[in-house]
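Just so you know, the sequence shown maps onto residues 349 to 917 in the working numbering.
Even glycine gets a Cβ: it sits at the ideal position worked out from N, Cα and C.
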Amino acid sequence: MSHEDTRRYKWNTIPWRSVEKKVFKLQKRIYRATMNGETTKAQRLQRLLQSSKSAKLLAVRRVTQDNSGKKTAGIDGIKSLNPNERVDLVENLNWKKAPKPVRRIYIPKAGKKEVRPLGIPVMEDRAKQALAKLALEPEWEARFEPNSFGFRIGRSTHDAMKAILIAIARKKGGSFVLDADIKGCFDNIDHESLLQKVNTYPRMRRIIKGWLKAGILDKGVFQKSEAGTPQGGVISPLLANIALDGMEQYVKERLEEDLFQAQKARSRREGLSAGNNNRRRAKDSMTIVRYADDFVVMHRDKDIVEKAQAVIEEFLRGMGLELKPSKTRIAHTMENLDGKIGFDFLGWTVRQFVDNKAALGQKTLIKPSKDSVKRHLRVIKDEVDRKKGANQFALINKLNPIIKGWSRYHATVVSTKTFQYLRNRVFEKLWNWACFNHSNKGKQWIKSRYWRRHGNNNWRFMTASGSFLMCHSDHNIRIHEMVHPSRSPYDGDWAYWSKRMGKEPTISPRVSRLMKSQKGRCGECGLFLTSEDLVEVHHIDGNHKNNAYKNLTLIHRHCHDQVHGRKAA
């Protein structure tokens with residue numbers, strides 16, 4: 349056995365269960381210390397975690413093995429590490445070594461002609477950032493506002509939309525909404541303001557400052573990084589969340605008197621008792637829901653929303669940021685403002701309608717936005733066009749993940765009619781594809797060749813061998829339960845979090861069923877699966893054609909690699 353084989357065997361036999369338990373134990377203590385206001389104790393535990401061998405192993409595994417973007421190179425050209433190199437990286441992580449500049453790449457924005465700039469650190473800096481995140485995230489999960497949902501473990505876009513629904517559903521007459529976007533958030537955050545807000549111990553501050561000031565290499569040209577935390581870094585989303593944290597509290601404190609007076613005036617107009625007029629209730633009458641750098645402000649009075657916009661602009665200036673005028677507007681959930689009723693957020697349209705049968709005389713409907721539907725159809729059309737001349741099986745394999753992913757994302761809102769519309773539009777595109785491939789054949793021949801009976805459906809796009817295309821309307825609408833505001837994965841209540849994982853809207857029914865049968869635990873290491881973990885379905889007998897549930901188990905990706913590593917050895 350060669351030296352490299354020995355090191356591979358060593359990596360694949362690392363006791364990951366023990367490693368993760370040690371790291372989480374420290375993270376849980378950091379979280380609890382922060383919740384109790386014991387800042388000194390929390391920072392002492394962060395230093396301990398930062399120097400922990402288990403934390404270093406976990407950080408390296410996450411950036412070299414778990415992370416789906418692990419094969420993107422930094423300026424050193426290294427895309428991936430073999431097991432031998434992973435061990436070397438763990439043993440040679442050097443905090444005194446200055447960080448290298450990030451490599452600038454550009455990726456297209458989904459469904460748009462614009463591009464998004466990313467800054468890709470080298471592998472060593474990625475591992476250090478992952479290690480710093482392991483130490484900082486538990487502290488900030490104890491601090492973050494409850495209505496912050498983006499880039500946070502255990503929280504999703506569906507939770508953000510549920511928070512919006514709760515905020516507006518019981519407000520008679522609808523609400524005014526400030527729908528806003530921050531201009532170049534990741535690229536413009538003021539470094540000094542961010543470092544002051546992180547307010548960590550000196551060593552961690554120096555490390556973070558080094559990453560912020562490392563510079564950018566764009567097509568071989570070096571640029572100083574005077575502001576911003578480039579997207580693409582492991583720790584960048586956490587730092588952006590820290591920069592924007594406190595917005596809701598800041599606005600409510602600045603507008604406390606305005607909110608109270610608005611509450612009193614509304615009580616007089618609606619003939620409500622004076623008992624409704626207290627400052628806590630007045631503060632709760634305004635809600636700010638933020639997902640990363642997108643947010644909405646909701647209140648029943650337009651002047652309050654306008655004042656909130658001015659206060660938010662003041663808050664953002666303190667971090668070197670500003671609102672993007674083209675994506676900032678005041679809307680109303682029931683009334684027509686500037687030619688539009690309602691607002692779009694995270695791919696959905698939120699509107700309220702008069703309904704005399706409802707208790708409050710209104711109903712709230714959240715549907716997939718028109719832009720989201722158009723972008724989705726454009727993606728499908730492009731894929732169908734690219735597969736002209738290809739066989740049916742190849743087209744089905746390409747379209748199924750696209751249709752499944754989009755439909756699962758939107759299955760928690762009022763999407764039934766949208767799904768039916770998309771089913772018809774996809775049929776048109778597939779029919780045109782089939783007619784193009786067989787321009788000399790009749791309609792009956794084309795139908796019998798590509799559409800077959802499947803259950804009660806006599807028009808299922810399906811191969812002779814039984815592979816078929818999923819329809820949008822195959823997905824049932826289901827209610828999403830919002831995460832409890834006070835909950836965090838670092839509270840250690842794995843029963844609660846594993847149950848939520850099994851109900852995550854975007855996972856497949858097969859994964860959901862396995863999650864439930866395994867009670868939220870990995871079938872290999874026995875640890876609870878979290879929303880940050882990449883999970884895979886493992887075929888116990890090694891036969892990938894045997895998809896019987898008794899032959900399947902849900903395990904971590906690294907556990908899957910470990911299982912196959914042992915077999916190879």
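Check                                                                                                                                                               : Outcome
Measure the beta-carbon distance from A630 to F663 and round it to whole angstroms, keeping in mind my assumption that it falls under 8 angstroms.                  : Wrong, their Cβ atoms sit about 20 angstroms apart, outside the cutoff.
Let's test the definition: count the other Cβ atoms within 10 Å of the Cβ of R474 and tell me whether it reaches 16, buried, or not, exposed.                       : buried
Which residues in the same chain have their Cβ closer than 8 angstroms to the Cβ of S633, if we skip the five residues on either side of it in sequence?            : L607, A610, Q611, H647 and R648
Ordered along the chain, which non-local residues of its own chain (more than five positions away) have a Cβ less than 6 angstroms from that of L743?               : K735
What's the C-alpha gap between K722 and W364?                                                                                                                       : 44 angstroms
Please state the DSSP three-state secondary structure of Y549.                                                                                                      : coil
With burial defined as no fewer than 16 other Cβ atoms inside 10 Å of the residue's Cβ, what is the status of E596: buried or exposed?                              : buried
Going by alpha carbons, who is nearest to D593 out of M818, M471, E493 and I750?                                                                                    : E493
Excluding five sequence neighbours on each side, which residues of the same chain lie with their C-beta closer than 7 angstroms to the C-beta of S573?              : L560, K561, A562, G563 and I564
Leaving out five residues on either side along the sequence, give the residues of the same chain with a beta carbon under 8 angstroms from the beta carbon of Y454. : V463, R464, P465 and L466
Whose C-beta lies closer than 8 angstroms to the C-beta of Q394 among residues of the same chain, with five residues either side of it excluded?                    : I378, A483, L484, E487, T548, Y549 and M552
So which of V367, K746, T712 and P853 has the shortest CA-CA distance to I514?                                                                                      : T712
Quick one: give me the first and last residue of the alpha helix (DSSP H) that T505 is part of.                                                                     : T505 to A517
In the DSSP assignment, the alpha helix (DSSP H) including L405 goes from what residue to what residue?                                                             : K401 to R409
Roughly how many whole angstroms lie between the Cα atoms of I825 and L817?                                                                                         : 19 angstroms
Check the C-beta distance from A480 over to R410 and give it rounded, since I have them as a contact under 8 angstroms.                                             : Actually they do not touch by this definition, with Cβ atoms about 12 angstroms apart.
Can you tell me which of the three DSSP states I903 falls into?                                                                                                     : strand
Is DSSP giving Q919 helix, strand or coil here?                                                                                                                     : Outside the shown range of the chain (349 to 917) lies residue 919, about which nothing can therefore be said.
If you measure between the beta carbons of S523 and I516, is that distance less than 7 angstroms?                                                                   : yes
Determine the closest residue to A658 out of K567, V599, K457 and H758, with distance taken between C-alpha atoms.                                                  : V599
My output table needs one value for K612: the three-state DSSP class, helix, strand or coil.                                                                        : helix
By the 10 Å Cβ neighbour count, where 16 or more other Cβ atoms means buried, how is E368 classified, buried or exposed?                                            : buried
DSSP three-state call for L685: helix, strand or coil?                                                                                                              : strand
How many angstroms separate the CA atom of A896 from the CA atom of V911?                                                                                           : 20 angstroms
Residue range of the alpha helix (DSSP H) that G753 falls in?                                                                                                       : Q740 to H758
Would you identify the three-state DSSP class for T354, choosing helix, strand or coil?                                                                             : Per-residue confidence for T354 stands at a pLDDT of 44, beneath the threshold of 50, marking its modelled position as unreliable; the derived number appears in the next sentence. Helix at T354.
So, using beta-carbon positions, are R638 and S496 closer together than 7 angstroms?                                                                                : yes
Can you tell me whether W936 is helix, strand or coil according to DSSP?                                                                                            : Past the boundaries of the shown model lies residue 936; the chain is included only from 349 to 917, so the question cannot be answered.
Are there 16 or more other CB atoms within 10 angstroms of the CB of K578, so buried, or fewer, so exposed?                                                         : Per the sequence shown, residue 578 should be read as Pro rather than Lys. The residue is buried, with at least 16 neighbouring Cβ atoms inside 10 Å.
For the alpha helix (DSSP H) that E661 lies in, which residues bound it at each end?                                                                                : K650 to R665
If you draw a straight line from the alpha carbon of S402 to that of V371, how long is it in whole angstroms?                                                       : 6 angstroms
Would you kindly report the start and end of the unbroken beta strand (DSSP E) that includes G467?                                                                  : V463 to I468
Go ahead and label S815 buried or exposed: buried means 16 or more other beta carbons lie within 10 angstroms of its beta carbon, across all protein chains shown.  : exposed
Is K715 helix, strand or coil by DSSP?                                                                                                                              : strand
Rounded to a whole number of angstroms, what is the C-alpha to C-alpha distance between G928 and E880?                                                              : Nothing can be reported for residue 928: it is not among the residues displayed for the chain, which extend from 349 to 917.
How should L406 be labelled, buried or exposed, when 16 other C-beta atoms within 10 angstroms of its C-beta is the threshold for buried?                           : buried
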